[in-house]
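For reference, each letter of the sequence shown is one residue, going 1 to 624 in this note's numbering.
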Amino acid sequence: MDYHSEFRRSVDQPEDFWRDQAAKIDWIEAPQTIWQPTDNGHGQWFPDGVLNSSDVALDANIRAGRGDQTALIYDSPVTETKRSYTYNELRDAVATFAGALKDRGISKGDRVIVYMPMIPEAAIAMLACARIGAIHSVVFGGFAAHELAVRIEDAQPKAVITASCGIEVTKVIEYKPLVDKAIEQSSHKPDCCILYQRPQVQASMQAGRDYDWNELTAAARPIDPVPVKSTDPLYILYTSGTTGKPKGVVRDNGGHAVALNYSMNLVYDASPGDVYWAASDVGWVVGHSYIVYAPLFAGCTTILYEGKPVKTPDAGAFWRVVQDHGVNLLFTAPTAFRAIRKEDPEADQLSRYNVSSLKRIFLAGERLDPPTYEWLREHTRLPILDHWWQTETGWAICCNPVGIEMMETKPGSATVPSPGFNVQVVDMNGGQVPAGEQGQVAVKLPLPPGCLTTIWGDDERFQSSYLKPIEGFYSSGDGGYIDDDGYVFIMGRTDDVINVAGHRLSTGEMEEVVASHPAIAECCVVGAHDDMKGQIPIGLVLIKDGATIDHDELEDELVEMVRDKIGAIACFRRAMVVERLPKTRSGKILRRVIRQIADGEDFTVPSTIDDPAILDEISERFHA
């Protein structure tokens, strides 16, 4: 079946389509009902199915004869440690820790917060929660105590699982004091805190509340997977909200397993035994979907990497991992390769390693700018495949469907809608926008399996944030267009469309032009308030290492480039050279905060920011 046939079937006959996909995973009780509409305009997938996500990820592979295949590889350049687990070994570790959780009184439906660094125990904790039907909520290790407290307050966990420390490039971050402070700040008090002591830091224990990971597992007995309903929550993952209060995205068990298993073939063309590496963190949705769950659902070997794309120890870090572990499929964010390109613009490090095992490179998490795409394609000579998705969807809304057919790539496009996602570009009334014109990128309801089912404890917020803005659609909050060939181009959040003297212009389009300058490693363009024109665009640019160009000269060249490609109407006249851009820990540029700084507005430092000091530097530059 070609892509277009499969896509049409997924939209025209969704129940038949997803029944076939559901048959490809191991159920305890296979669903008879595939789709059940609900009052909120969305609905439930596989509502009468029964399964266990830990069983699908681990035990099912052992039943299929893959028990001795490597399931998980841990590679940590910051501790100079490597460790691997077969499916048998990982299942045993998960089953035993699940027994330890049960011994602490944790059972189906209880919430457990996991606040861990990128170590195998993080994945083991997640899978152990799934094994007993507990709902895990992973919080990025190192988040401030206040932000952790907010999540404890909202999820009301029975337990917090943490480690004594996380290890960054230049420092060790002690986790336990942050956990203690968060619990102190929260009115909800977890029954227990389970602590994994790392050699670098031995954290203090509070008697009666804190328990040592190794001591608990030594006394525990492994347990079998607990049957749960398809519609029971698997996890809560918090994502930032416009009100400042994070939104707890809820993912169910059944739809999640079916969709992610399907995505491993559709998006990545992965087969059992492939070595699959998502260079992300378990604190983000990419880590949930494509470090822990999907590769194991599909019988692959997954890599858990405790390091950075640069500085651990150099810009060859990713290529070294590919060589050492025979990586076949690599997925990361464009910002990772922009960092590599900045430090190694000629890709000299790449030539030091044998990366012949690598078949394809996948990028998502933010818009893939054409210069990064071209640099990767030129130096690796591999297919460079962009795809677009969100924390809320859990898997790709748009992709190059290589598991069905490899389609021509177009720089700047995430290619075509994934089967199941009826993507349309509409106005705020749901009316179709002509091909090539920008509008709201939305998905006609119902959403396919694997997407969020609600916001934890606040279904009204789910409705108002995603279902009510455009009637009959899931509102993505992103703007873009679909060309005459059906290719989807995401140009950025809809609030990144600026109004210059009555003309609506895309900052993403301007970024594309600015990034094409040979001296630019990375950039962003934001709209700043202007009394005369309403808004004017301002660029922030990072120069490649080794590039020598006068800053005023560079600004003149960038202004001329935008004028040539977009026109004088863009009013692009200012490009500031900066040392770094403010980003989240997952690599997304904080454009809204930059815009607030440019406008002299008060702003809240986001909990997800990588380094708050950057904001002071940016503010000084704007208001010098």
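In this text, a Cβ means the ideal position worked out from N, Cα and C, and glycines have one as well.
Note that the structure is predicted; figures quoted are calculated from it, not measured.
Comparing alpha-carbon positions, the option among VAL50, GLY283, GLU306 and VAL138 lying closest to ALA155 turns out to be VAL138.
Around VAL11, the same chain offers ASN422 as residues with beta carbons nearer than 6 angstroms, after the five sequence neighbours per side are excluded. Under the rule that a run must span 3 or more residues, the beta strand (DSSP E) segments found entirely inside the segment 229 to 296 read 233 to 239, 247 to 252 and 275 to 278.
In this structure PHE143 touches SER607 by the C-beta definition: roughly 6 angstroms separates them, less than 8 angstroms. In its chain, beyond the 5 residues on either side, GLY403 have a beta carbon closer than 6 angstroms to the beta carbon of ASN265.
In this structure, VAL500 is the residue among ARG251, VAL500, ILE223 and PRO233 with its C-alpha nearest to the C-alpha of GLY534.
In the displayed model, ARG320 falls within a helix according to three-state DSSP. Taking GLY480 as the centre and dropping the five residues before and after it, the same chain places the C-beta of VAL441, PHE489, ILE490 and MET491 closer than 6 angstroms to its C-beta, in chain order.
Taking a contact to require three or more Cβ pairs closer than 8 angstroms, the segment 34 to 44 and the segment 455 to 469 qualify as touching. Of the other Cβ atoms in all chains shown, 16 or more fall within 10 Å of the Cβ of THR391; this residue is therefore buried. Within the segment 156 to 210, the complete alpha helix (DSSP H) segments of 4 residues or longer fall at 176 to 185, listed in chain order. Secondary structure note for PRO537: its beta strand (DSSP E) is the uninterrupted segment 534 to 543. With 16 or more neighbouring CB atoms inside 10 Å of its own CB, ILE614 falls in the buried class. When the beta-carbon positions are compared, ALA71 and LEU382 stay at least 8 angstroms from each other.
The Cβ atoms of ILE597 and PHE603 lie closer than 8 angstroms to each other.
Straight through space, the alpha carbons of GLY477 and ALA207 are spaced by roughly 47 angstroms. Going by DSSP, GLN21 is part of the alpha helix (DSSP H) stretching over 14 to 22.
The beta carbons of LEU452 and VAL250 sit about 6 angstroms from each other, so the pair counts as a contact at 8 angstroms. Taking a contact to require three or more Cβ pairs closer than 8 angstroms, the segment 334 to 343 and the segment 104 to 119 do not qualify as touching. With respect to the 8 angstroms criterion, ARG83 and PRO117 are not classified as neighbours on the basis of their beta carbons. Distance from the CA atom of LYS171 to the CA atom of VAL201, rounded to whole angstroms, is 12 angstroms. Here ASP386 is actually not in contact with LEU350; their C-beta atoms are around 20 angstroms apart, not less than 8 angstroms. When the Cα atoms are used, MET561 and GLU511 turn out to be separated by approximately 11 angstroms. Residue environment analysis places THR301 among the buried positions, since at least 16 neighbouring C-beta atoms fall within 10 angstroms of its C-beta.
Residue pairing by DSSP leaves THR453 without any beta bridge partner.
In the structure shown, GLN69 falls within a coil segment according to DSSP collapsed to helix, strand and coil.
CYS193 and GLY436 have their C-alpha atoms roughly 54 angstroms apart. Separation of the CB atoms of GLY307 and ALA317 is rounded to 6 angstroms, and the pair is thereby assigned contact status at 8 angstroms.
Counting C-beta pairs closer than 8 angstroms gives fewer than three between the segment 256 to 264 and the segment 278 to 286, which falls short of the contact rule. In chain order, LEU590, PRO606, THR608, ILE609 and ASP610 place their CB closer than 8 angstroms to the CB of THR584, counting only its own chain and leaving out the 5 sequence neighbours on each side. Here VAL226 carries a coil assignment [DSSP, helix/strand/coil].
For VAL94, no beta strand (DSSP E) encloses it; the enclosing alpha helix (DSSP H) starts and ends at 87 to 103. If you ignore the 5 residues before and after PHE622, its C-beta comes within less than 6 angstroms of the C-beta of ILE597 and ALA598, all in its own chain and listed in chain order.
No Cβ-Cβ contact shorter than 8 angstroms links ILE62 with TYR85. Fully enclosed alpha helix (DSSP H) runs of no fewer than 4 residues occupy 120 to 132 and 145 to 155 of the segment 117 to 160, in order along the chain. The C-beta distance from THR162 to LEU195 rounds to 6 angstroms, short enough to fall under 8 angstroms.
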